[in-house]
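> As numbered in this note's numbering, residues 1 to 166 make up the sequence shown, in order.
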Amino acid sequence: MLLSEQAYKKIDREIAKYPADQKQSAIMASLTIAQDEMGWVSPEVIQDVADYLGQPPILVQENATFYNMFDVRPIGKFKISVCTNLPCALRDGVKTADHLKQRLGIGFRETTADGVFSLVEGECMGACGDSPVLLVNNKHMCVRMAAEKIDAMLDELAASVKGEAA
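Encoded structure:
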């Protein structure tokens, strides 16, 4: 078992939401719990989740690789997803992505050398009217992200990492 006892208790709460013969319904929640704890979904984590749910590993793998909220390779402490779908692209989504690439010195699906930031192109986040839209670590949506707001956010996130190291 790779995860903490607390993580398995959370997974058990997810499993309990479904009929006993429908444990596969808890795959996405289980992967989310595992990723929150481990930072990403490694092949070992996929196997562990599959074993815990009594499901074929390929079924868990399919979920982990289909949905872009799961990371199947190590990423930075902060994953920044930027929406570049058409409505956001028309409202500076691409310009925002270019600013992030230049500021961080990385492209999409890359991580900064210090391991702090990863940048990914996200799918529609359902906030087209508030674009450009960013999502930080799949949980915190940032809207109307002009260059100044992006820079302030990046500085704050970077400072939080330095504060942890002190």
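We put the beta carbon where it would ideally sit given N, CA and C, even for glycine.
Computed from a predicted model, the values in this text were never measured in an experiment.
Just tell me which of I150, F117, G115 has its CA closest to the CA of S131.
The count along the sequence shown starts at 1 and reaches residue 131 at position 131. That would be I150, whose Cα lies nearest to the Cα of S131.
> V41 to G129, Cα distance in whole Å?
Along the sequence shown, read from residue 1 onward, the residue named residue 41 stands at position 41. Along the sequence shown, read from residue 1 onward, the residue named residue 129 stands at position 129. If I take the Cα positions, the gap works out to 32 Å.
> Identify every residue that forms a DSSP beta bridge with I80.
By one-based count along the sequence shown, residue 80 stands at place 80. Beta-bridge pairing links I80 to L119, V136.
> Look at the Cβ atom of E44, then the Cβ atom of L2, and state whether they are nearer than 8 Å.
Here residue 44 corresponds to residue number 44 of the sequence shown, with the count starting at 1. Here residue 2 corresponds to residue number 2 of the sequence shown, with the count starting at 1. For E44 and L2, yes; Cβs fall inside 8 Å.
> Give every residue of the same chain whose Cβ lies closer than 8 Å to the Cβ of T112, excluding the five residues on either side of it in the sequence, and list them in chain order.
Along the sequence shown, read from residue 1 onward, the residue named residue 112 stands at position 112. Cβ neighbours of T112 beyond the five flanking positions: G76, L104, G105, I106, S118.
> Within its chain, find whatever has a CB closer than 7 Å to the CB of L100; leave out the 5 residues flanking it on each side and keep chain order.
Within the sequence shown, residue 100 is the residue found at index 100, counting from 1. Same-chain partners within the cutoff: I80, V82, L119, I150.
> Our contact map puts I46 next to A7 with C-beta atoms below 8 Å; I'd like the distance itself, whole angstroms only.
Stepping through the sequence shown from its first residue, residue 46 is reached at position 46. Stepping through the sequence shown from its first residue, residue 7 is reached at position 7. Not quite, the Cβ-Cβ distance comes to about 14 Å (not below 8 Å), so this is no contact.
> Starting from C142, follow its DSSP beta bridges and name the residues at the other end.
The count along the sequence shown starts at 1 and reaches residue 142 at position 142. Answer is L134, bridged to C142.
> With DSSP collapsed to three states, give me the class of T32.
Counted from its first residue, the sequence shown places residue 32 at position 32. In this structure, T32 counts as helix in the three-state DSSP scheme.
> Compute the Euclidean distance between the alpha carbons of C162 and D155, then round it to the nearest angstrom.
Numbered from 1 along the sequence shown, position 162 holds the residue referred to as residue 162. Numbered from 1 along the sequence shown, position 155 holds the residue referred to as residue 155. For the sequence presented, residue 162 should be read as Lys rather than Cys. Looking at the two C-alpha atoms, the distance is approximately 11 Å.
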